[in-house]
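Numbered per the numbering used here, the sequence shown spans residues 40 to 254. Worksheet: one structure, shown below.
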Amino acid sequence: MPIISPSLLASDFANLQSEVEMINNSTADWFHVDVMDGSFVPNISFGLPSIKAVAKHATKPLDVHLMIVNPDQYISAFKAAGADYLTVHYEACTHLHRTIQAIKAEGMKAGVALNPHTPVHVLEEVINDLDLVLIMSVNPGFGGQSFIEAAIEKTRKLKALITEKGAPTLIEIDGGVNTETGARLVAAGADALVAGSFVFKSKNPAATIEDLKKL
Ligand code: DX5
Ligand code: ZN
């Protein structure tokens, strides 16, 4: 059974508390929180005060996905806001090793996200330090995009690298996940699935979460 991390980006921001409670009462495992700065990605989402508001009501870990430049500048601020997993983009970090250590030093789990064009092998030297790798199966910045097929083969390659290195790292996939793509991702080695529009645009989000959980 995969870890399910519904993406709040697709939720109703004006009713955030009830959306958070729906996830609390569902079989979801984490809250996926997308932070966009309008620079690393061509969109702006929510920031620290909104994460604090979510953390106040959430009874499950916050899986925070930073799509921002200079993430190092905000690591302690995201810890203070309530992040449990903090994922930075490989493409946004010149000194990735240092960034990973800084996240762990704050007592958070450290994740690295890969854009669709970034190969898995760039993480060879740091994989044993990572709690999570987030494979982007869309170009980051927007919900509701269609799934990039190459993510399946990429998941297999990452699984092979993790096994070869004996690393403790979880594989999470983000973008265009539904029960069809999700089933193939789990078969390829994915441990965790992010789902935004598939969950929140469905008639019964809690039942949709349960469908993903059963994959
Ligand atoms: C995209 C975000 C995703 C997004 C996924 O940049 O990282 O987490 O919410 O949305 P769906 O599941 O609709 O593709
Ligand atoms: Zn995300």
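Heads up, the beta-carbon is just placed ideally off N, CA and C, and yes, glycines get one too. Fair warning: this is a prediction, and the values are worked out from it, not measured in the lab.
Look at the stretch 185–223 and you find these whole runs of beta strand (DSSP E), each 3 residues long or longer: 209–213.
Setting aside the 5 residues that flank it on each side, Leu254 is surrounded in the same chain by Pro41, Thr218, Gly221, Ala222, Val225, each with a C-beta closer than 7 Å to its C-beta; the list follows chain order. The stretch 48–67 makes no contact with the stretch 133–146, as fewer than three CB pairs between them are under 8 Å.
Membership of Val93 in any beta strand (DSSP E) is not indicated; the residue belongs instead to the alpha helix (DSSP H) covering 87–96. Those residues having their beta-carbon less than 6 Å away from any non-hydrogen atom of the ligand ZN are, in chain order, Ser46, His71, Asp73, His104, Asp213, Val233. In chain order, Val80, Met106 place their CB closer than 6 Å to the CB of Pro179, counting only its own chain and leaving out the 5 sequence neighbours on each side. Secondary-structure assignment with DSSP links Ile107 through no beta bridge to anything. Rounded to whole angstroms, the Cβ separation of Tyr124 and Val151 is 11 Å, and the two are not in contact under 8 Å.
At least one heavy atom of the ligand DX5 sits closer than 6 Å to the Cβ of Gly183.
Approximately 5 Å separates the beta-carbon atoms of Thr126 and Leu173; this is inside 8 Å, confirming the contact. The Cβ atoms of Ile212 and Ser176 sit closer than 7 Å to each other.
Scanning its chain for C-beta atoms nearer than 8 Å, with the 5 sequence neighbours on each side dropped, one finds around Ala206 the residues Ile166, Asn167, Leu169, Leu200, in chain order. 7 Å or more divides the Cβ of Ser89 from the Cβ of His71. Leu48 has its CB nearer than 6 Å to a heavy atom of the ligand DX5.
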